[in-house]
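Just below is one structure, and these are the notes that go with it.
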């Protein structure tokens with residue numbers, strides 16, 4: 015099973031991901047080989063996460079999160095290396111408590127509940143307007159939804175893109191999340 019993002023790819027080839035050169039694959043293998051086993055993440059079952067990530071990375075000829083030591087337990091490439099309990103342990107390790115949304119935000123987000131038609135979603139999102147100074151959180155969510163709908167409308171994720179392209183376009187909404195705060199976000 016393959017998909018257009020590197021987080022849900024088969025281990026050997028990620029549609030839309032850049033094919034790695036022989037030297038890049040050697041560099042990835044060298045990086046994993048340099049890891050200290052004593053500092054690796056040992057699951058309660060005794061498995062070392064980085065060792066399984068290396069197996070996935072070595073099987074991947076295209077860009078994959080494992081090449082950057084990023085472990086996505088929802089990636090199908092890990093299903094042959096971890097059982098359900100181990101994947102759940104990975105997902106929940108040091109997971110932060112998710113607080114409920116503030117009422118105004120929950121009210122806005124709930125307006126989209128049950129709306130599945132792209133044209134209806136677009137019409138609904140454009141029916142709102144939020145002041146960037148008075149309502150920065152709602153404005154950020156609003157703009158993020160508009161941008162996400164553009165990606166869906168133009169079928170962006172169904173086209174071939176590098177991992178860097180996906181990071182820029184799909185995850186760029188994170189950049190603006192801190193605009194109304196004292197936090198300086200940089201890449």
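In my numbering, the protein residues as written are 15 to 201. Each residue gets a CB set at the ideal place from its N, CA and C atoms; glycine is no exception.
Residue i, buried or exposed, once every other Cβ within 10 Å from all chains shown has been counted against 16
i           : result
residue 141 : exposed
residue 68  : buried
residue 79  : buried
residue 77  : buried
residue 84  : exposed
residue 89  : buried
residue 66  : buried
residue 15  : For residue 15, the predicted model reports a pLDDT of 31, less than 50, meaning its position is unreliable and no value from the coordinates is stated.
residue 70  : buried
residue 19  : Reliability of the predicted coordinates at residue 19 is poor, the pLDDT of 37 falling under 50, and the value obtained from them is presented with this limitation in mind. Residue 19 should be labelled buried.
residue 200 : exposed
residue 147 : exposed
Residue(s) in a DSSP beta bridge with residue i
i          : result
residue 33 : 76
residue 56 : 62
Cβ pair residue i, residue j closer than 9 Å
i           : j           : result
residue 104 : residue 62  : no
residue 81  : residue 38  : yes
residue 10  : residue 72  : Since the first residue of the chain shown is 15 and the last is 201, residue 10 is not available in this structure.
residue 150 : residue 117 : no
residue 31  : residue 176 : yes
residue 165 : residue 171 : yes
residue 167 : residue 198 : no
residue 135 : residue 144 : no
residue 87  : residue 102 : yes
residue 155 : residue 129 : no
residue 47  : residue 100 : no
Identify every run of the alpha helix (DSSP H) within the region 91-132, keeping only runs that are complete inside it and at least 4 residues long; order them along the chain. 98-106, 117-124
Counting Cβ pairs, one atom from each stretch, are 3 or more of them under 8 Å apart for the region 111-122 and the region 89-102? no
On the three-pair Cβ rule with 8 Å, is the region 148-165 touching the region 184-191? yes
List in chain order: all unbroken alpha helix (DSSP H) runs of 4+ residues lying wholly within the region 129-172. 132-140, 150-167
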